[in-house]
Amino acid sequence: MTEAEIVAITVAADDLDRDVATKYTKLEEKTQFLWDKYMGNEVFTTHLLKSVSRLYGPSDNMTADLVVGFSGE
């Protein structure tokens with residue numbers, strides 16, 4: 001394996017780490033947004049739980065706007 005191949009693999013791994021961190025940051029922002037709405041009595045427990053389950057449930061696109069009322073992107 002050449003040095004150029006090693007560098008290319010290392011750069012690709014760093015990009016993957018960055019993508020994963022971005023996805024989890026967005027997930028945490030959406031969860032916090034929902035929690036704040038719940039604590040402010042703006043949504044019911046059912047809405048909170050359904051929305052969080054959509055966020056953490058299986059999905060092809062984790063950043064999709066499945067949360068009603070969330071426009072933080």
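For the sequence shown, full-length UniProt numbering assigns the number 1 to the initial residue and increments by one for each residue that follows.
Just so it is clear, CB atoms sit at the ideal spot from N, CA and C, and this is done for glycine as well.
Only a predicted model underlies this, so the values are computations on that prediction, with no experimental measurement involved.
Practice task
Kindly give me the distance between the Cβ atoms of residue 31 and residue 52, rounded to whole angstroms, as I take these residues to be in contact under 8 Å.
Solution key: Counting from one through the sequence shown, the residue named residue 31 turns up at place 31. Counting from one through the sequence shown, the residue named residue 52 turns up at place 52. So it is a contact: roughly 6 Å between Cβ atoms.
Handout entry: Local conformation of residue 52 per DSSP, three classes
Key = Taking the sequence shown and counting its residues from 1, one reaches residue 52 at position 52. Helix.
Practice task
Let me know if residue 74 comes out buried or exposed under the rule of 16 or more other beta-carbons within 10 Å of its beta-carbon.
Solution key: Past the boundaries of the shown model lies residue 74; the chain is included only from 1 to 73, so the question cannot be answered.
Problem - Collapsed DSSP secondary structure at residue 2 in the structure displayed - result: In the sequence shown, the residue the question calls residue 2 occupies position 2. Coil.
Problem - Of the residues 54, 22, 23, the one placed nearest residue 34, counting alpha carbons only - result: Here residue 34 refers to the residue found at position 34 when the sequence shown is read from its first residue. Nearest option by C-alpha distance: 54.
Handout entry: Three-state secondary structure assigned by DSSP to residue 33
Key = Translated into the one-based positions of the sequence shown, residue 33 becomes position 33. Note: residue 33 maps to helix in three-state DSSP.
Exercise for the section: Could you have a look at residue 42 and say whether DSSP puts it in helix, strand or coil? Expected result: Counting from one through the sequence shown, the residue named residue 42 turns up at place 42. It is coil, neither helix nor strand.
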